[in-house]
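For reference, the structure is listed below as structure tokens.
This is the structure:
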């Protein structure tokens, strides 16, 4: 059943010049009242008393929350509504939709920030934001992987919940956001029909981009002081076999799943281990059965050092480590072998010619040692054991980054339990020749397969 426009926005202008807005949902007797900077939940009888004073403004598929912008010395508020969306497919617990159109309705009389709203609207309508509409009785949340479904503690602080701040104004007024607001991810979702022998199944691939260090290519690189890296993605693959079929072996046959959308990859567990960290998205691969679910997760992201690529033209973006080399260590890890590491890192730029790399001195590591959570610690807390697949090249600017990354990992407390596999992707996969991934990379990855498992839940899954 297609999703309909189940939200209706009604409004009236108060004598004081302030707007009063009602938000009601089909099938619900209560409504939300936005007035004088507050939000209140009105009972059905309260709504019926005042509803006749309001006129219809628009209908919408869903609401993302309340956006607050500073404009000079005043604060402006807008309700962000989803007015267009398309289904990308259904899984047992929900149907997934891509946002295609949004609108911003002011909660005050005047709103002079049309340029800013136009820019935000362009981003939201760009086809990279998705939400889920749960099936009856389901609480499926697209922003979290299968292993975290139903875990309320994961809602706040969720790196893949892009409109989290838009929920805050309603939460502050004790509104149950799950009843009124959507949760969206940025990334790609694809659903395909696949076959396991004579049984039909659905495979869903979800790639979630983290909002912790978002930004355009070349403008946002590396790590920040909190240990979050740019271009960090989580990808989850979800085959959905027929009822009664054990979902775990399905991963052996799902490795060939290839959505057409550029930039999305699905590498089955017989090709790569569950957790990869090279330069950073997260890949979460899931299998749904009629009565269970399995999940397989991979991650990738930007190299966790302080670096940038300034320049105006593609090809002129020269790599630069923009913090003192010794200051990279705390963002990577809070425990490192300092003096020897500093000496080693200071030698990295020496052999390079041509001015493609600039290495800058900065503050000593002691001045940044108290910075917040570090990258490797964050990864292990969220995903457990890591195998680093380093895809950096061995020439030009990438060589400096490559060597610095290796030195930092070696000097950290993670060196003993976090192996690194070095694979010069540009050299070995030149011209799109991906067969070397199988011939050269697979044997190295195979050594670590036994360190990882697939998450599975359901009555046909044997407990471990």
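In full-length UniProt numbering, the protein residues as written are 1 to 464. Where a beta carbon is used, it is the ideal one built from N, C-alpha and C, also for glycine.
Between residue i and residue j, what straight-line distance do the alpha-carbon atoms span, to the nearest angstrom?
i: residue 434; j: residue 426; result: 11 Å
i: residue 386; j: residue 375; result: 12 Å
i: residue 80; j: residue 119; result: 14 Å
i: residue 298; j: residue 228; result: 17 Å
i: residue 150; j: residue 144; result: 9 Å
i: residue 431; j: residue 147; result: 37 Å
i: residue 211; j: residue 452; result: 27 Å
i: residue 71; j: residue 42; result: 30 Å
i: residue 206; j: residue 18; result: 42 Å
i: residue 126; j: residue 419; result: 38 Å
i: residue 60; j: residue 31; result: 15 Å
i: residue 73; j: residue 204; result: 47 Å
i: residue 131; j: residue 193; result: 20 Å
i: residue 447; j: residue 394; result: 24 Å
i: residue 459; j: residue 384; result: 25 Å
i: residue 22; j: residue 50; result: 10 Å
i: residue 113; j: residue 123; result: 16 Å
i: residue 39; j: residue 107; result: 11 Å
i: residue 445; j: residue 421; result: 8 Å
i: residue 235; j: residue 382; result: 14 Å
i: residue 99; j: residue 180; result: 17 Å
i: residue 449; j: residue 443; result: 10 Å
i: residue 403; j: residue 417; result: 19 Å
i: residue 415; j: residue 158; result: 28 Å
i: residue 15; j: residue 78; result: 20 Å
i: residue 164; j: residue 173; result: 15 Å
i: residue 255; j: residue 399; result: For residue 255, the predicted model reports a pLDDT of 36, less than 50, meaning its position is unreliable and no value from the coordinates is stated.
i: residue 128; j: residue 166; result: 18 Å
i: residue 52; j: residue 5; result: 21 Å
i: residue 197; j: residue 175; result: 48 Å
i: residue 195; j: residue 389; result: 31 Å
i: residue 423; j: residue 3; result: 45 Å
i: residue 307; j: residue 221; result: 6 Å
i: residue 25; j: residue 302; result: 42 Å
i: residue 397; j: residue 406; result: 15 Å
i: residue 454; j: residue 296; result: 5 Å
i: residue 465; j: residue 437; result: Given that the chain is displayed from residue 1 to residue 464, the structure contains no residue 465 and the question cannot be resolved.
i: residue 44; j: residue 27; result: 11 Å
Where does residue i fall in DSSP's three states?
i: residue 178; result: helix
i: residue 106; result: strand
i: residue 190; result: strand
i: residue 405; result: helix
i: residue 429; result: coil
i: residue 202; result: strand
i: residue 410; result: helix
i: residue 449; result: helix
i: residue 32; result: strand
i: residue 308; result: strand
i: residue 229; result: strand
Would you list the residues sitting across from residue i in a DSSP beta bridge?
i: residue 420; result: 388
i: residue 8; result: 24 and 59
i: residue 235; result: 207 and 298
i: residue 19; result: 13
i: residue 38; result: 35
i: residue 50; result: None, per the DSSP bridge assignment.
i: residue 223; result: 229
i: residue 383; result: DSSP output for residue 383 lists no bridge partner at all.
Taking 7 Å as the cut-off, is the beta-carbon of residue i closer than that to any non-hydrogen atom of the ligand HEM?
i: residue 198; result: No copy of the ligand HEM appears in this structure; indeed no ligand is present at all.
At a Cβ threshold of 8 Å, is residue i touching chain C?
i: residue 444; result: Protein chains in the displayed structure number just one, and chain C is not present.
Worksheet item: Below 8 Å, can you find three or more Cβ-Cβ pairs linking the region 82–93 to the region 27–39?
Response: no
Discussion item. Going residue by residue through the region 52–134, where are the continuous beta strand (DSSP E) segments of at least 3 residues, counting only ones entirely within it?
Written reply: 55–60, 62–71, 74–91, 94–106 and 129–134
Worksheet item: Can you find at least 3 beta carbon pairs, one from the region 130–149 and one from the region 179–198, that sit closer than 8 Å?
Response: Here the region 130–149 lies against the region 179–198, with 3 or more beta-carbon pairs under 8 Å apart.
Fill in: Inter-stretch contact at 8 Å, needing at least 3 Cβ pairs: the region 39–56 / the region 5–12
yes
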